[in-house]
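Trainee: Below is the structure I would like to discuss, written out as structure tokens.
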């Protein structure tokens, strides 16, 4: 997966590759809000990914299909099957393009919100 900004990359690394983070999430006894909002200026945290998704849609106007996390890894057998069936086709970068478009939209929305707040003061 390719991330269009360093902030999203950092969140991905923490949420997907940090064993301490994963252990805390598994324990869930702590009821600690672990998942940060994907908008860098928003400091809200959430108990679940679902809660974060809802916040992104409701507050920051993210599209309903948006997800930062990549799909679960495929089994080696499935990867081999896909590799053999797709040998003549270059890999698609649709996910990357969608993320770039969404990031641009999100930044425009955040800038518009910031400008509206500044003007109202």
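Residue numbers (full-length UniProt numbering): 1 to 121.
Positions of the beta carbon are idealized from the N, C-alpha and C atoms, including for glycine.
1. Candidates 38, 33, 16: which alpha carbon is nearest residue 59's?
2. Classify residue 55 as buried or exposed, calling it buried when 16 or more other Cβ atoms lie within 10 Å of its own Cβ.
3. Using the three-state DSSP reduction, which class does residue 45 fall into: helix, strand or coil?
4. Compute the Euclidean distance between the alpha carbons of residue 48 and residue 35, then round it to the nearest angstrom.
5. Taking all protein chains shown into account, do 16 or more other C-beta atoms lie within 10 angstroms of the C-beta of residue 52, making it buried, or fewer, making it exposed?
6. Exposed or buried, residue 11, counting other C-beta atoms within 10 Å across all chains shown (16 or more means buried)?
7. Is the distance from the Cβ of residue 24 to the Cβ of residue 32 below 9 Å?
8. If we count the other Cβ atoms within 10 Å of its Cβ and call it buried at 16 or more, is residue 65 buried or exposed?
9. I believe residue 7 touches residue 40 by the beta-carbon criterion, under 8 Å. Please report the beta-carbon distance rounded to the nearest angstrom.
10. Given this structure, state the Cα-to-Cα distance separating residue 3 from residue 43, to the nearest angstrom.
Mentor: The relevant details are as follows:
1. 38
2. buried
3. strand
4. 7 Å
5. buried
6. buried
7. yes
8. exposed
9. 5 Å
10. 20 Å
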